[in-house]
Each structure stands twice: as structure tokens, then as C-alpha cells.
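If you're matching positions, the sequence shown starts at 1 in our numbering and goes up one per residue.
Note that CB positions come from ideal geometry on N, CA and C, so glycine has one too.
Only one structure is covered here, and it is reproduced in the block below.
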Amino acid sequence: MTTMSVLLEKRSNGIAVVTLNRPHVLNALDVPAKERLGAIWQEIADDARVRVAVLTGAGARAFCAGSDIKEIHRTGRMVDTDTLMRAIPGAGIELAKPVIAALHGYCIGMGMTLALHCDLRIAEKDTVLGYPEVRHGMISAVSALRLPQVVPGARALEMLLMARNIAAEEALRWGLVNAVVDDARAEAEKWAEAIAGYSPAAVQATKRLAMLSRRMTEGERSAIEAARASVEGYDDYTQGAAAFADRG
């Protein structure tokens with residue numbers, strides 16, 4: 001039996017728990033996992049019974065260690081932009097329901113992009129956050145647009161250009177996470193229970209207004225697609241993927 005790469009649990013109290021379920025590769029996401037995520041966000045958006053979602057990762061070592069670079073090395077390509085956008089909460093699919101990220105261990109690359117697009121982020125003390133893409137000749141195109149809207153621009157560029165990981169406490173000081181706790185999933189579920197107990201109309205209207213200035217334009221989406229295509233055309237991209245794959 002094939003294990004699902006992303007799990008969805010919908011509870012009677014209006015909370016949906018979405019679990020990245022590839023712990024053997026630190027929850028790194030291959031294309032099927034990204035497609036599954038997109039389907040889940042669409043299901044949550046369409047289900048009036050769901051009021052709030054919690055996004056977490058299986059296993060003790062990582063929330064998500066990014067995209068599956070070994071898959072990228074095998075195929076020679078990154079995932080197409082449409083699939084990528086749909087996998088990111090609220091980016092490719094309009095999602096008025098709040099999403100809370102429960103972070104632990106490695107939260108890097110695509111994992112950091114997923115967390116960044118959640119509405120609230122709760123991290124455990126061992127959480128490591130970062131964008132290693134430039135080190136591998138790659139790009140975190142969506143986060144390059146979104147991160148400066150969440151933290152000061154200089155801090156955003158520090159993360160993106162230096163490929164330097166930061167600890168949870170530093171992320172808290174920067175305003176990148178809301179809280180640092182011993183058990184992120186338990187705390188996220190507490191926050192979710194509180195939100196689920198409020199008026200769905202009021203909660204969703206509030207999120208829509210709060211996100212209005214961050215809604216991606218067609219011009220920004222085109223720029224993301226062009227930047228990703230440009231990076232794929234350089235040898236640094238293929239060499240970086242190969243070097244990462246050879247480490248394994």
C-alpha cells in the first residue's frame with residue numbers, strides 16, 4: 001500500500017490538520033506531494049465545515065526540508081509554476097480560512113515558503129529556518145516577493161542571499177514567527193480551537209482584508225515564472241542539484 005505524502009484530517013470542531021508525511025526524507029516535497037497539497041488546499045477552501053487549518057510535518061526531525069532536490073536532479077527541472085503556486089497555502093488557490101504552521105526541526109527552502117504563506121507560525125525551540133536555494137544555484141521565487149512583506153527588507157535579503165539558517169529565537173525577534181514553544185503542534189491546535197470558536201464570517205472577512213495588499217498580481221506571477229525559467233537555464237542549477245544528490 002502506498003503511503004500518502006500529505007495527510008488531511010478534518011475534525012468535527014472545524015479544524016483541519018494537514019500533515020506533510022515524508023519523514024524518511026525530512027518531509028522534502030516531490031511533485032506528487034505538491035500536487036496533493038494543492039488538492040488539499042482546494043478541498044479546505046470548498047468545505048464550509050472547515051474553519052481553520054493547522055499545517056505540520058511528520059517525524060521528529062523536520063517540518064519540511066524543502067523540495068526534493070534528488071527528484072530535481074533526476075528530471076532536470078523544477079516543478080511547474082502552476083503546481084508550485086497551488087501547493088502554497090493561499091498563493092494559487094484563494095483561501096479565506098486561516099492556516100497555522102506548527103514548525104519543528106528543519107524548516108528550509110520550500111518548507112520555509114509554505115510556513116511563510118501560513119497566517120500564523122508557531123515554532124519549537126529546535127526549529128531551523130532558512131533558504132538554501134542560492135547555494136544550489138536555485139531560487140525561492142515566491143518567497144523573494146513575499147518575505148520582504150513579512151520582515152524588514154534587509155533581513156529578508158539576508159536570509160535569501162546569504163543562505164544562512166536562523167534559529168527560532170532569532171526568527172521571533174525578526175517577527176518571522178509568532179511564538180516559540182516546547183510543543184508547536186499542541187500550541188497551534190489551541191490557537192486553532194480558539195479561532196474555530198469565532199464567527200467564520202468575521203474571521204474570513206478579517207483575513208481577506210489583512211491579505212488584500214499581499215494578493216499576488218498577474219505581473220508578479222509572470223515575473224516569478226520568468227525568473228524560475230531563467231535560473232533553470234544556467235549550469236549552476238544543474239550542477240547544484242547534482243552536487244546535492246551526490247551527497248546522499
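- Query: So who's on the other strand from residue 67, going by DSSP bridges?
  - Reply: Walking along the sequence shown from the start, residue 67 turns up at place 67. Answer by DSSP bridge pairing, in chain order: 29.
- Query: Okay, do the segment 100–115 and the segment 126–135 touch, 3+ Cβ pairs below 8 Å being the bar?
  - Reply: Taking 8 Å as the limit for Cβ pairs, the verdict is that the segment 126–135 does touch the segment 100–115.
- For residue 225, which residues of its own chain have a beta-carbon under 7 Å away from its beta-carbon, when the five flanking residues on both sides are left out? As a first step, residue 225 is located in the sequence shown; it is residue number 225 there, counting from the start. 81, listed in sequence order.
- Along the chain, which unbroken stretches of the alpha helix (DSSP H) at least 4 residues long are found entirely within the segment 161–222? Listed in chain order, the complete alpha helix (DSSP H) runs (minimum 4 residues) inside the segment 161–222 are 168–174, 184–196, 200–211.
- Query: Helix, strand or coil for residue 40 per DSSP?
  - Reply: As a first step, residue 40 must be located in the sequence shown, where it is residue number 40. Annotated three-state conformation of residue 40 is helix, per DSSP.
- Message: In the DSSP output, which residue or residues are listed as bridge partners for residue 19?
- Response: By one-based count along the sequence shown, residue 19 stands at place 19. Partner(s): 7, 56.
- Query: CB residue 135 to CB residue 171, shorter than 8 Å?
  - Reply: Within the sequence shown, residue 135 is the residue found at index 135, counting from 1. Within the sequence shown, residue 171 is the residue found at index 171, counting from 1. In this structure, residue 171 does not lie closer than 8 Å to residue 135 by Cβ.
- Message: Short of 6 Å in beta carbon distance, which residues of its chain neighbour residue 124, apart from the five on each side in sequence? Order them along the chain.
- Response: Against the sequence shown, residue 124 aligns to sequence position 124. The beta carbon of residue 124 lies closer than 6 Å to those of 104, 184 in the same chain, with the five residues before and after it left out.
- Hey, residue 74 and residue 41: beta-carbon distance below 8 Å or not? If you number the sequence shown from 1, residue 74 lands on position 74. If you number the sequence shown from 1, residue 41 lands on position 41. Note that the C-beta distance between residue 74 and residue 41 is not below 8 Å.
- Message: So, with DSSP's three-state summary, where would you put residue 95?
- Response: Here residue 95 corresponds to residue number 95 of the sequence shown, with the count starting at 1. Looking at residue 95 - three-state DSSP - the assignment turns out to be coil, as it is neither helix nor strand.
- Item | Sequence-distant residues of the same chain with beta carbon closer than 8 Å to residue 4, five excluded per side | Residue mapping note: residue 4 aligns to position 4 of the sequence shown, counting from 1. Within the same chain, residue 4 has close Cβ partners 21, 36.
- Query: Taking residue 53 as the reference, which of 165, 120, 147 has the closest Cα?
  - Reply: The count along the sequence shown starts at 1 and reaches residue 53 at position 53. Of all alpha-carbon atoms in 165, 120, 147, the one lying nearest the alpha-carbon of residue 53 is that of 120.
- Query: From residue 97 to residue 71, what does the alpha carbon distance come to, in whole angstroms?
  - Reply: Position 97 of the sequence shown, counted from the start, is the residue given in the question as residue 97. Position 71 of the sequence shown, counted from the start, is the residue given in the question as residue 71. C-alpha separation (whole angstroms): 32 Å.
- Query: Where does residue 154 sit, in a helix, a strand or coil, going by DSSP?
  - Reply: As a position in the sequence shown, residue 154 is number 154, starting the count at 1. DSSP places residue 154 in helix when its eight states are reduced to three.
- residue 209 versus residue 235: straight-line alpha-carbon distance, rounded: Taking the sequence shown and counting its residues from 1, one reaches residue 209 at position 209. Taking the sequence shown and counting its residues from 1, one reaches residue 235 at position 235. In this structure, the alpha-carbon of residue 209 lies about 42 Å from that of residue 235.
- Inter-residue spacing [alpha-carbon to alpha-carbon] between residue 1 and residue 7: Against the sequence shown, residue 1 aligns to sequence position 1. Against the sequence shown, residue 7 aligns to sequence position 7. Since pLDDT at residue 1 reaches only 46, below the 50 mark, its modelled position is unreliable, and the value read off the structure follows with that caveat. Taking the straight line from one Cα to the other gives about 15 Å.
- Query: Helix, strand or coil for residue 137 per DSSP?
  - Reply: In the sequence shown, the residue the question calls residue 137 occupies position 137. In the structure shown, residue 137 falls within a coil segment according to DSSP collapsed to helix, strand and coil.
- Alpha carbon to alpha carbon, how far is residue 204 from residue 94? Give it in angstroms, no decimals. Start at 1 with the first residue of the sequence shown, and residue 94 comes out as number 94. Start at 1 with the first residue of the sequence shown, and residue 204 comes out as number 204. If I take the Cα positions, the gap works out to 11 Å.
- Query: Quick check: the segment 189–204 against the segment 145–164, are there 3 or more CB pairs under 8 Å?
  - Reply: Flag = no, the segment 189–204 and the segment 145–164 do not touch.
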